[in-house]
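Some notes on the structure that comes next.
Number of protein chains: 4
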Amino acid sequence: MQGVALRAAVAGASGYAGGELLRLLLGHPEFEIGALTAASSAGSRLGAHQPHLPQLAGRVIEETTADALAGHDVVFLALPHGHSGAVAAQLGEDTVVVDCGADHRLSDPAAWQEFYGGEHAGTWPYGLPELPGQRELLKGARRIAVPGCYPTSVLLAMTPAFAAGLAAPDVVVVAASGTSGAGKSLKPNLLGSEVMGSVSAYGVGGVHRHTPEMEQGLSAVAGTPVRVSFTPTLAPMSRGILATCSAPAAPGLTKESLRSAYEVALKDEPFVHLLPEGVWPATAMTYGANTAALQVTLDPRANRVVAVIAIDNLTKGTAGGALQSVNLALGLPEELGLPTTGVAP
Amino acid sequence: MQGVALRAAVAGASGYAGGELLRLLLGHPEFEIGALTAASSAGSRLGAHQPHLPQLAGRVIEETTADALAGHDVVFLALPHGHSGAVAAQLGEDTVVVDCGADHRLSDPAAWQEFYGGEHAGTWPYGLPELPGQRELLKGARRIAVPGCYPTSVLLAMTPAFAAGLAAPDVVVVAASGTSGAGKSLKPNLLGSEVMGSVSAYGVGGVHRHTPEMEQGLSAVAGTPVRVSFTPTLAPMSRGILATCSAPAAPGLTKESLRSAYEVALKDEPFVHLLPEGVWPATAMTYGANTAALQVTLDPRANRVVAVIAIDNLTKGTAGGALQSVNLALGLPEELGLPTTGVAP
Amino acid sequence: MQGVALRAAVAGASGYAGGELLRLLLGHPEFEIGALTAASSAGSRLGAHQPHLPQLAGRVIEETTADALAGHDVVFLALPHGHSGAVAAQLGEDTVVVDCGADHRLSDPAAWQEFYGGEHAGTWPYGLPELPGQRELLKGARRIAVPGCYPTSVLLAMTPAFAAGLAAPDVVVVAASGTSGAGKSLKPNLLGSEVMGSVSAYGVGGVHRHTPEMEQGLSAVAGTPVRVSFTPTLAPMSRGILATCSAPAAPGLTKESLRSAYEVALKDEPFVHLLPEGVWPATAMTYGANTAALQVTLDPRANRVVAVIAIDNLTKGTAGGALQSVNLALGLPEELGLPTTGVAP
Amino acid sequence: MQGVALRAAVAGASGYAGGELLRLLLGHPEFEIGALTAASSAGSRLGAHQPHLPQLAGRVIEETTADALAGHDVVFLALPHGHSGAVAAQLGEDTVVVDCGADHRLSDPAAWQEFYGGEHAGTWPYGLPELPGQRELLKGARRIAVPGCYPTSVLLAMTPAFAAGLAAPDVVVVAASGTSGAGKSLKPNLLGSEVMGSVSAYGVGGVHRHTPEMEQGLSAVAGTPVRVSFTPTLAPMSRGILATCSAPAAPGLTKESLRSAYEVALKDEPFVHLLPEGVWPATAMTYGANTAALQVTLDPRANRVVAVIAIDNLTKGTAGGALQSVNLALGLPEELGLPTTGVAP
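Chains as they are written, first to last, in the UniProt record's numbering: chain A, 1 to 345; chain B, 1 to 345; chain C, 1 to 345; chain D, 1 to 345.
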């Protein structure tokens with residue numbers, strides 16, 4: 001628990017992902033927190049932006065530059081997309097650079113071009129250890145692309161089905177997200193007065209940027225191209241994603257064999273919990289935790305596999321998932337320092 | 001506007017549907033409120049249950065009996081399922097009896113048996129005037145089955161597509177509902193501490209009782225059996241449903257022809273508003289109003305028609321829809337006394 | 001509903017107060033809606049800002065100028081403070097000009113200078129008909145200063161006590177407000193992610209601008225200077241104020257005589273409801289209504305009068321109170337067109 | 001840090017306080033969790049009640065008996081009031097028994113009789129280490145009375161003022177609490193549909209049971225009887241208390257000397273944070289943490305000391321405060337295993 005601590009820097013420290021990274025790093029036994037950087041809030045104290053982290057309240061935020069981020073063992077980048085590549089290029093090859101943004105997730109430059117625009121920054125190892133074979137790829141990695149929060153939920157929910165060939169490659173996902181998923185941007189539709197008491201849809205019709213990332217991940221698992229119809233909605237809560245995912249069932253699939261496949265696939269996963277039969281996920285189960293609560297069934301009328309999953313978009317969906325991958329990259333125990341209990345009620 | 005008022009009784013006056021019926025009746029120019037009845041709260045004053053209705057605070061709730069309900073022009077039944085048939089049988093044939101429960105919605109006794117159990121009470125005219133030809137059936141009706149709140153949303157959202165043959169009969173619906181949809185029952189999972197800050201799934205896998213009602217309605221519109229995979233979720237808000245409905249697009253369908261079909265189908269509907277292109281529904285748009293906010297698009301990647309609709313489950317989804325049908329039954333203007341503005345923010 | 005309608009203009013139509021004015025005007029039988037004006041949102045359609053008012057969705061917002069506002073019977077100004085005086089000066093003396101902002105509430109220029117700064121715009125008749133003698137002053141008025149939302153709640157709660165000499169002039173008020181009270185301003189602390197699940201204090205220590213307005217009103221009622229210690233808090237809800245007001249009890253005061261004084265004072269008030277003994281207010285009782293729910297008791301341990309009141313800050317606290325005063329000014333029935341039922345749950 | 005773990009039992013494990021105790025115990029390095037007991041939920045698995053604690057999901061809840069609780073180093077009692085005394089009497093004198101209920105807080109049997117009724121169970125050391133001299137009393141204690149959640153907030157907020165003689169003994173407190181403070185009881189007013197979007201008052205007029213506890217604590221600090229006028233309100237959030245406390249300022253008090261007294265009093269407190277000047281507390285700052293966020297000022301108009309404090313009612317207000325005292329009782333570091341970062345946003 002002691003010895004020489006690892007030093008971590010957080011770029012984007014005044015935002016929601018940055019705040020969650022810091023909260024988790026404060027609870028991690030191997031890290032000390034080095035540089036905190038940001039763009040427009042550089043020069044102010046962290047306490048003005050993250051008042052729930054009193055230990056760091058007096059720390060001054062620096063501007064995000066390669067100099068400020070140099071000399072750390074791990075650098076977390078929680079930046080708007082398009083900014084991570086340039087910063088990472090200036091950091092040493094031995095530094096573990098963790099991109100919580102979208103820049104290095106997609107392997108297909110055309111998909112990047114279509115959904116994000118601009119030049120593709122290249123592909124980094126994908127920080128979702130629960131994908132088949134992915135843990136091995138993350139061990140020793142020095143560049144990590146943290147998955148999007150929605151793809152994290154959908155890939156965790158549907159991978160066991162596609163890995164076992166139990167569903168046709170035609171997925172429908174409707175997910176509800178807490179507002180922190182939209183970041184701290186000052187948009188009228190994110191005001192409390194607008195979101196409280198209201199659920200709304202956005203990015204409908206195949207246009208949400210997380211769509212190709214879901215398809216990429218599920219296609220790799222299925223070994224065949226998987227299509228995803230994805231509709232995100234905004235729910236009146238700060239945190240949490242509940243994703244309802246379904247796909248046509250493979251011929252002859254029974255409820256029992258479906259559950260059994262999930263049990264086998266998840267039995268050694270430390271963070272993904274298949275709920276007891278008959279219990280369905282609620283985001284409160286995972287509030288502030290690096291866990292996922294998952295349930296699956298067969299709808300015999302519609303002949304579809306239906307999987308529902310809850311995660312905390314900021315924890316397992318961003319900062320916790322990032323730290324889990326960093327643990328693997330650095331040869332630490334995968335679960336080290338990560339919260340496994342939700343804060344409820 | 002005056003003359004002899006119509007007298008309305010409300011059975012189930014202490015519940016959420018009953019409260020909403022009374023709120024709307026108080027704003028309706030043609031009704032005076034007669035008997036208020038209930039089961040366990042009989043003998044108490046309405047103010048103890050509906051403190052937002054100060055005009056009726058002192059009214060004493062009677063027990064639900066045929067005697068108490070006799071002598072009214074309209075009787076609204078907001079009772080648990082299985083109770084409406086016996087009550088209605090004792091009311092005069094000239095009385096307009098409006099069942100806000102499930103008893104008289106389904107035409108297939110087997111579906112009733114499978115999803116509700118017990119003897120089927122028979123089928124009454126279905127109180128969704130927006131269905132093709134339904135307005136005519138409601139004119140002069142003396143028995144009305146108010147649709148379920150979820151089916152109201154799904155039928156409004158998908159009827160234009162199926163009426164025009166633009167979608168395959170294989171629908172996936174994921175809907176978020178406010179907690180009032182579950183009624184005032186004292187269940188741990190409905191406590192504020194549990195639902196605030198949390199979205200949860202329930203009734204997954206084709207088992208929710210509103211599923212056969214959706215299939216019945218859409219099948220009639222499509223002229224062919226339609227399957228619905230329905231997943232309801234509970235959102236941290238008191239009121240509102242946001243339903244995301246999708247189905248495979250008919251061959252050759254374009255976004256423009258899809259929108260055009262919806263514009264034509266909805267152009268004379270007083271309560272269903274097709275939003276401007278690019279605007280997606282939020283339940284806040286319809287809070288407390290008898291309106292629906294609807295948007296539709298084609299997802300070209302997944303080749304699906306995606307329609308999203310927002311309603312207030314207590315207003316258009318229950319009490320407002322009931323009153324709209326009663327207006328038709330009594331030959332009053334369909335829109336009379338019904339709120340068309342949401343209460344927002 | 002018949003004859004020549006009165007024409008009303010709303011300046012500040014894209015904000016929360018403006019939206020509520022429009023919602024109420026749409027339900028008022030004597031008004032038709034004329035010009036809609038604003039500052040930065042001029043040129044856009046109202047539907048982009050008030051999607052809960054589908055009837056007006058296509059109306060184009062004009063810039064707030066005297067020309068745009070001319071030719072109306074009533075002009076509602078829902079503008080940031082400091083802007084109403086100049087606009088009003090250009091409107092005819094026969095026009096009923098209703099300032100929903102702060103400019104014309106205070107009678108003491110020094111208080112204006114201390115709390116708002118800049119030149120005092122002068123004092124208009126105060127739009128709180130429930131104050132002693134105030135109804136008479138509002139009849140025929142052509143300029144009306146709508147009270148602040150917090151002062152509305154506090155004056156309604158404590159006027160009966162001070163009018164009857166039952167409390168010492170040393171009031172402590174702690175009030176919780178929904179976030180719409182802060183308007184649609186894009187501030188980080190008003191983001192949904194920040195306000196959901198959190199109650200916070202602000203403007204503590206006698207610095208909130210509504211403090212001198214409360215003192216002015218209560219002093220006039222008491223006939224002696226009344227001091228108010230006021231602490232506002234922000235609660236996770238869109239609408240509503242719950243104000244807890246207390247003051248030392250007059251010598252010999254009993255619970256019975258206190259209640260009796262309130263009963264007498266409020267017995268003819270159409271919108272202020274003294275709740276049955278033992279029932280305490282909740283903001284949900286008044287959601288969307290022009291009502292107040294009030295309760296009062298004597299705390300015998302601390303020897304204080306404690307009054308708690310709930311209102312909707314946008315309705316009775318702003319737009320509804322404004323319209324109530326306009327009804328009086330124009331000689332219409334005071335209650336005309338004003339909602340008296342809350343939307344609950 | 002390892003060696004033989006201490007064994008802790010939790011009676012009332014299916015409730016909210018019990019769940020929070022378990023969450024914290026799971027994160028405490030010195031404890032292993034022994035018996036979990038309850039009343040009506042005995043026989044069921046913990047996962048059915050605390051789904052956010054997946055590590056304990058399969059544990060079976062036993063009935064609360066002395067046998068079940070025997071053989072533990074620490075026994076936490078999270079029971080309805082009136083039940084702790086009998087259970088504690090059957091547990092060994094060496095066992096640390098921690099009563100999270102009210103039974104052993106009050107030293108005045110008359111106050112117990114007036115506010116709770118029945119026989120007084122006796123007084124135990126009061127588990128609020130931040131009170132003057134209290135840490136010493138807790139070291140080695142084998143019986144601990146955990147303070148009420150509201151008294152925790154009020155005593156932390158006002159102790160520095162009364163210890164320094166800066167306020168007159170006449171306190172007004174208005175506090176907003178999240179609904180978990182009311183426990184998991186199935187009451188209609190605690191349903192999500194009722195509490196969302198609504199703030200309500202209850203227990204007004206000096207009748208709330210926490211009132212004499214506040215007076216007892218502040219009187220001891222002040223060395224003179226202190227009166228408290230206390231009004232609790234229920235806010236639409238699951239967790240958190242924001243208490244606004246004020247009292248007449250001592251003659252000649254300045255804002256600077258007031259702040260200075262708080263700075264001195266709190267400079268070594270590990271969990272109570274005096275916020276930077278101008279920053280006011282929000283409950284989100286302390287969500288899930290054993291911390292308090294405090295601010296104080298002088299209202300020069302009303303000449304009152306105004307202190308506002310935020311805590312999490314379940315953490316610092318119940319389970320965290322309990323564990324902090326247990327750490328002291330057992331000679332462990334006071335801060336061991338207690339979360340000091342909030343979960344925000």
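For each residue, glycine too, the CB sits at the ideal point set by N, CA and C.
Which class does B:Tyr16 belong to by DSSP, given the choice of helix, strand or coil?
Three-state result, B:Tyr16: helix.
Just to confirm, are C:Gly58 and C:Gly47 a CB contact at a threshold of 8 angstroms?
Taking the C-beta atoms as reference points, C:Gly47 is found nearer than 8 angstroms to C:Gly58.
As assigned by DSSP and simplified to three states, the class of A:Gln324:
Correct three-state label for A:Gln324: helix.
Using three-state DSSP, classify D:Glu93 as helix, strand or coil.
Here D:Glu93 sits in coil by DSSP.
Could you work out which residue in C:Val279, C:Leu156, C:Arg239 and C:Cys149 is closest to C:Arg209 when comparing CA atoms only?
Among C:Val279, C:Leu156, C:Arg239 and C:Cys149, the Cα nearest to that of C:Arg209 is on C:Cys149.
Per-residue burial, C:Pro339 [other beta carbons within 10 Å of its own, 16 or more giving buried]:
Counting Cβ neighbours within 10 Å, C:Pro339 comes out buried, since at least 16 surround it.
Answer with yes or no whether the minimum CB distance from B:Met214 to chain C is below 8 angstroms.
For B:Met214, the answer is no, since every Cβ of chain C falls outside 8 angstroms of its Cβ.
Using the rule of at least 16 other Cβ atoms within 10 Å of the residue's Cβ for burial, across every protein chain shown, is C:Thr224 buried or exposed?
Around the beta carbon of C:Thr224, fewer than 16 other beta carbons sit within 10 angstroms, so the residue counts as exposed.
Inter-residue Cα distance where the pair is D:Met1 and D:Glu30:
Confidence at D:Met1 is low in this model, with a pLDDT of 41, below 50, so the placement of that residue is unreliable and no value is reported for it.
Looking at C-alpha atoms only, which residue of B:Cys100, B:Val172, B:Glu136 and B:Leu36 is the closest neighbour of residue 346 of chain B?
With chain B covering 1 to 345 only, the question about residue 346 of chain B has no answer from this structure.
Which of helix, strand or coil does DSSP assign to A:Gly34?
In the structure shown, A:Gly34 sits in a strand (DSSP, three-state: E or B).
Taking B:Thr152 and B:Lys316 to be in contact with their CB atoms under 8 angstroms, please state how far apart those CB atoms are, rounded to whole angstroms.
For a cut-off of 8 angstroms, the C-beta gap from B:Thr152 to B:Lys316 is around 6 angstroms, short enough to register as a contact.
Looking at the secondary structure, which residues open and close the beta strand (DSSP E) in which C:Ser177 lies?
Unbroken beta strand (DSSP E) run through C:Ser177: Asp170 to Ser177.
Indicate the three-state DSSP secondary structure (helix, strand or coil) for A:Tyr287 in the structure shown.
Three-state DSSP puts A:Tyr287 in coil, outside helix and strand.
Through-space distance from A:Val207 to D:Leu24, alpha-carbon basis
Approximately 42 angstroms between the Cα atoms of the pair.
Secondary structure of C:Ser198, DSSP reduced to three states:
C:Ser198: coil per DSSP, three-state reduction.
Nearer than 7 angstroms: is that true of the beta carbon of A:Glu256 relative to any heavy atom of the ligand GDP?
Looking for the ligand GDP in the displayed structure turns up nothing, as the structure carries no ligands at all.
For a test of the three-state rule: what should DSSP assign to D:Asp67, helix, strand or coil?
The three-state secondary structure of D:Asp67, taken from DSSP, is helix.
What beta strand (DSSP E) runs, 3 residues minimum, are completely inside the segment 190-260 of chain D?
Within the segment 190-260 of chain D, the complete beta strand (DSSP E) runs of at least 3 residues are 227-234 and 241-248.
Quick check: what's the CA-CA separation for A:Gly140 versus A:Leu26?
For A:Gly140 and A:Leu26, the distance between alpha carbons rounds to 23 angstroms.
Can you tell which of C:Val74, C:Val228, C:Leu234 and C:Ala307 has its C-alpha closest to the C-alpha of D:Pro248?
For the residues C:Val74, C:Val228, C:Leu234 and C:Ala307, the minimum Cα distance to D:Pro248 belongs to C:Val228.
Do we get a CB-CB distance below 8 angstroms when we pair A:Gln55 with the residues of chain D?
Yes, contact with chain D.
Cβ-Cβ distance between A:Leu138 and A:Pro125 below 8 angstroms
The beta carbons of A:Leu138 and A:Pro125 sit closer together than 8 angstroms.
Kindly indicate which residue of C:Ala243, C:Ala163, C:Leu155 and C:Thr65 has the alpha-carbon position closest to the one of C:Ala39.
Ranked by how close their Cα comes to the Cα of C:Ala39, the residues C:Ala243, C:Ala163, C:Leu155 and C:Thr65 have C:Thr65 in first place.
Determine the chain A residues that contact C:Lys184 at a beta-carbon separation under 8 angstroms, and present them in chain order.
In chain order: Pro188, Leu191 and Ser193.
Taking B:Ala319 as part of the alpha helix (DSSP H), name the residues at either end of that continuous run.
In the DSSP annotation of this structure, B:Ala319 is not part of any alpha helix (DSSP H), being labelled neither H nor E.
Could you please give the first and the last residue of the uninterrupted alpha helix (DSSP H) stretch that includes A:Val272?
First-last for A:Val272: Val272 to Leu274, but that is the beta strand (DSSP E), not the alpha helix (DSSP H).
Run down chain A in chain order and give the residues with a C-beta less than 7 angstroms from the C-beta of D:Met285.
Under the 7 angstroms cutoff, chain A gives Pro51 and His52.
Within 10 angstroms of the Cβ of C:Ser185, are there 16 or more other Cβ atoms? Answer buried if so, exposed if not.
By the 10 Å Cβ count, C:Ser185 comes out exposed.
Who does B:Asp73 pair with in a DSSP beta bridge?
Answer by DSSP bridge pairing: none, since B:Asp73 is not bridged.
Under 8 angstroms by beta carbon: chain D residues contacting B:Thr179:
By Cβ distance, chain D contributes Leu191, Gly192, Ser193 and Met196.
Report yes if the C-beta distance between B:Val343 and B:Tyr287 is below 8 angstroms; otherwise report no.
For B:Val343 and B:Tyr287, yes; Cβs fall inside 8 angstroms.
Compare the C-beta of B:Gly288 with all C-beta atoms of chain C and state if any pair is closer than 8 angstroms.
Yes, B:Gly288 lies at the interface with chain C (some Cβ there is under 8 angstroms from its Cβ).
Does A:Ala112 have its Cβ less than 8 angstroms from a Cβ in chain B?
Sequence inspection shows Trp at residue 112 of chain A; the Ala mentioned does not correspond to that position. No, its Cβ sits nowhere closer than 8 angstroms to a Cβ of chain B.
Which of the three DSSP states, helix, strand or coil, is assigned to B:Arg135?
B:Arg135 falls in the helix class under three-state DSSP.
Could you check if C:Gly240 is buried or exposed, using at least 16 other CB atoms within 10 Å of its CB as the buried criterion?
By the neighbour-count rule (16 or more Cβ atoms within 10 Å), C:Gly240 is buried.
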